[in-house]
Amino acid sequence: MTRRGLSAAIILALASTPATRALALWNDQVTPFVEERIAGDDNVFRVSKNLGPQGDVYHTTSLGLNFDVPVSRQKFQGGYTWSATRFNFLTDLDFDGHDARATWLWQLGNDLSGQIGYAENFALAPFAYTQTTTPDPLKSRQAFFNGAYLVTPRWRVQAGAGLFDQTNGDPAFASSDVKISSGEVSLSYVTPANTSVGLSERIEDGRYPNREFVPGSPLDDSYRQISRGIIADWTVSGVSHVVARASRVSRRYPNTPQSDLDGYTAVAEFDWKPTGKFAIAGIVRRDISPYQAIQSSFVLVKGVTVRPTFSVTQKIDLSANLDYGVWYYLGDPGLVSGGTQGRVDRVGLASATLSYKPVQRITLQISAQRESRSSNVPNADYLANVASFVARFAF
């Protein structure tokens, strides 16, 4: 059977499945699923209109399972998804990837709790980041541990540590491979309404294992970053909640002090659910992007995200995602060295999704997305439109 025939067969099978109760594994604590996604993208490589955007239709078949298993006062959550993506014409981009995650939510007594977890993702790096037509298989792995202890009913101590490793499959991007270790500690005052405010400190050490510093190069082989600030978690009312942090950041490079940063970051997340059917979540941020650009020390992002959701009926949901950000490529050697402002991008995304659940185990989705980027660097702009249909069957 051809790839297109297989996709059609899966969708037909899902649509014609009788409306019976989902298969229960461990009392519905483990949920296997199969999903088929068909998407059309009119600018796959996210290139400027001056370079002739190329579109295609691709299919992604995913198999996996999710689990949420309580054991006494402990809880184990996670899942695994294997996916195969095939393009109609750009077959060099065909790719098999996976996403895995596992978290132990541990609890000791009434006052000590935390999480231990691991996550791994293997997928093609977004072409908007690589700005090349060559696929870059990107593997990201993260392990973390954190814990919180109520010293008194009003004072809570939290601490955590993490390891992050990112490896590029394309040798051209090997110098951007990074290993990051981090540690964080905080002390917060907790009110009877479970609102908290406190002080935190985070130390992050980054190393680029495939990058050897050469005198005169603007790109270093490691860095250390220290963040100190205020954290808050505020339940404003029964329908609204805010989580925020503001930090003073100091980043130091051992060989390129011209790339050092002293500044501040701030992130505020809010949730508001005025009715049982409508909710809106949002993020306002001034933060350092997790993405390390090839030609830049790091990227400072100022932006806002809004995600409204509306439950039309018990079976139909409508959601949207609106995001706008200004990306400052700090330490861009091609521009900063000449005394000119570095690269600045303005990135926007707008999407809408209609979800229909005819029976308990079947979900059908139609979505449309528009991405755009303008830049002060020639041919770094792009405009892309993506439309997709997803059919998901949970056993």
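Each residue of the sequence shown is one higher than the one before, starting from 128 at the first, in my numbering. Beta carbons are placed, not taken as given, at the ideal position from N, Cα and C, and that holds for glycine.
- Look at the region 186-270 and you find these whole runs of beta strand (DSSP E), each 3 residues long or longer: 201-214, 222-235 and 239-251.
- For D169, same chain residues with a beta-carbon under 6 Å away, outside a window of 5 residues either side, are G182 and N512 in chain order.
- Minimum Cα-Cα distance from T230 among the listed residues T212, T208, V196 and D223 corresponds to V196.
- Membership of R500 in the beta strand (DSSP E) is indicated by the continuous run I489 to S502.
- Contact holds between the region 245-255 and the region 264-274, because three or more Cβ pairs, one in each stretch, are under 8 Å apart.
- In the three-state DSSP reduction, L178 falls in the helix class (H, G or I).
- Measuring C-alpha to C-alpha distances from T261 to each of T208, V411, V278 and F222 identifies F222 as the nearest.
- Under the three-state reduction of DSSP, S478 is assigned to strand.
- Non-local C-beta neighbours of P435 in its own chain, meaning closer than 6 Å and more than five positions away in sequence, comprise I407 and A447, ordered along the chain.
- F405: member of the beta strand (DSSP E) spanning F405 to I415, first to last residue.
- Excluding residues up to 5 positions away in sequence, G241, Q242 and G287 lie with their Cβ nearer than 6 Å to the Cβ of N273 in the same chain.
- Excluding residues up to 5 positions away in sequence, A477 and N512 lie with their Cβ nearer than 6 Å to the Cβ of R497 in the same chain.
- A Cβ-Cβ contact shorter than 8 Å links R329 with S309.
- When rounded, the separation of the alpha-carbon atoms in W399 and T362 is 10 Å.
- When rounded, the separation of the alpha-carbon atoms in Y451 and V433 is 9 Å.
- Spatial neighbours of Y391 in its own chain (CB-CB distance under 6 Å, excluding positions within 5 residues in sequence) are listed in chain order as R375.
- Between I410 and V431 a beta carbon distance of about 7 Å is seen, short of the 8 Å cut, so the two are scored as contacting.
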